[in-house]
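Worksheet for the structure shown next.
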Amino acid sequence: MSDLLRQQPVGPAALRQLLKTAREQRAPLVAPGCSDALGARLIEQAGFEAAYMTGFGTTASLLGRPDVGLLGMSEMVDNARRITAAVDLPVIADADTGYGNQINVVRCVQDYERASVAAIHIEDQILPKKCGHMDNKQVVDASVMVGKIRAAVASRQDDDFMVIARTDARAPHGMDEALRRATAYAEAGADMLFVEALQDVEEIERVATEFAGIPLLFNWVEGGKTPPLTYDEVAALGFAMIIMPIGMLLAATGAMQNFLTKLKAAGTPAPFADELMPFDDFTDLIGLREIGALEKRFSV
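In terms of the numbering used here, the sequence shown opens at residue 1478 and continues consecutively.
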């Protein structure tokens, strides 16, 4: 867990090394999605080597609303900053469309870098965007996105900071256009490609074959449009990284609904208190022992 006194978030170089190893060993890096610092700490406690900040989950957590472009860049970056400060893991973050034109992308990249994020993905949807697995998405002209990718690469201060190019063109324009765009984005300097919302195994295999020499991201959206492949199946296709954006959010929401249903019926948690995480275990997770040690160290 991140040291409260000396917070040194794990940077882009660490993520680059993890992905290099993943590609060499054909063992994709798994980055579960979180929407807050607590979720990131749970990911680290479980032994994962990277975390993903989900825009879908951040919107749901902060606003209680769907991912349809309601959050702005400052809100997303602020959330990312809290997450990177909480863990000793590289964090990959959703940066939506870059929040405007090419000049907005420059600021977007610089602000995410200052938040100690290791990588961001930018998509080619129009504003306001939608979750990649929702219907009725629209995309900008490919040349606009190429300009955004070039701006993102040129504006990063750390060459290891990764720019992941996502295309949502599969749904509105078909696979051929999605592949054409992904090729253009790679040529513009993207470090990794993310072809969103593939709808069957053949489409996934086509992406893997077409871009065999380029790092690829597989978006394992729980309940989404893409088939639920096993880890070994994704690994065999050569993907470098797998993100699971909303699994934790869905699990937590279901658990909270269950708690509230029981609470409504019983009036207090007494009948099912033994089902809850012990209080001391929770305070250990969020670093109370570290706080206690610091209090002793600095007490007069």
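Ideal placement from N, C-alpha and C gives every residue a C-beta, glycine not left out.
Task: Simplified DSSP state of Pro1605, which is helix, strand or coil - done: Here residue 1605 refers to the residue found at position 128 of the sequence shown. Coil at Pro1605, not helix or strand.
Open item on the list: Can you tell me where the alpha helix (DSSP H) holding Glu1654 begins and where it ends?
Closed with: Within the sequence shown, numbered from 1, the residue matching residue 1654 stands at position 177. That run of the alpha helix (DSSP H) goes 1652 to 1664.
Open item on the list: Which complete alpha helix (DSSP H) runs does the segment 1493 to 1528 hold, if anything under 4 residues is left out?
Closed with: 1514 to 1522
Task: Buried versus exposed, by CB contacts within 10 Å (16 or more), Ile1681 - done: On the sequence shown, position 204 is the one that residue 1681 refers to. Result: buried.
Task: Contact the segment 1659 to 1666 vs the segment 1697 to 1705: 3+ CB pairs below 8 Å - done: no
- [ ] Can you check the segment 1709 to 1759 for any beta strand (DSSP E) of at least 3 residues that lies completely inside it and give the ranges in chain order?
- [x] 1718 to 1721
Task: Cβ-Cβ distance between Phe1688 and Ala1642 below 8 Å - done: Within the sequence shown, numbered from 1, the residue matching residue 1688 stands at position 211. Within the sequence shown, numbered from 1, the residue matching residue 1642 stands at position 165. No, they are not a contact pair.
Task: Proximal residues to Gly1731 (C-beta, below 6 Å), its chain only, five neighbours per side dropped - done: As a working note, residue 1731 is residue 254 in the sequence shown. Result list for Gly1731: empty, nothing under 6 Å.
Task: Residues near Val1617 in its chain [Cβ-Cβ closer than 6 Å; skip 5 each side] - done: On the sequence shown, position 140 is the one that residue 1617 refers to. So the list reads Asp1601, Ile1603, once near-sequence residues are dropped.
TODO: Would you identify the three-state DSSP class for Ala1592, choosing helix, strand or coil?
DONE: As a position in the sequence shown, residue 1592 is number 115, starting the count at 1. Three-state DSSP puts Ala1592 in coil, outside helix and strand.
Task: Cut-off 6 Å between Cβ atoms - residues of its own chain near Asp1487, not counting five sequence neighbours on either side - done: The sequence position of residue 1487 within the sequence shown is 10, counting from 1. Checking the displayed sequence, the identity of residue 1487 turns out to be Val instead of Asp. Contacts found: Asp1565, Leu1566, Pro1567.
TODO: Report the option in Glu1752, Gly1516, Leu1737, Ala1742 whose CA atom is closest to the CA atom of Ala1795.
DONE: Residue coverage of the chain in this structure runs from 1478 to 1777, which leaves residue 1795 outside it and unanswerable.
- [ ] Starting from the C-beta of Leu1547, find all residues in its chain whose C-beta is less than 8 Å away, skip the five residues before and the five after it, and write them out in chain order.
- [x] Within the sequence shown, residue 1547 is the residue found at index 70, counting from 1. Cβ neighbours of Leu1547 beyond the five flanking positions: Thr1536, Leu1540, Pro1605.
Task: Distance between beta carbons of Ser1512 and Leu1726, contact taken as under 8 Å - done: In the sequence shown, the residue the question calls residue 1726 occupies position 249. In the sequence shown, the residue the question calls residue 1512 occupies position 35. About 6 Å; that satisfies the 8 Å criterion.
Task: Cβ pair Met1530, Ala1570 closer than 8 Å - done: In the sequence shown, residue 1530 corresponds to position 53, counting from 1. In the sequence shown, residue 1570 corresponds to position 93, counting from 1. Yes, the pair counts as a contact, with Cβ atoms nearer than the cut-off.
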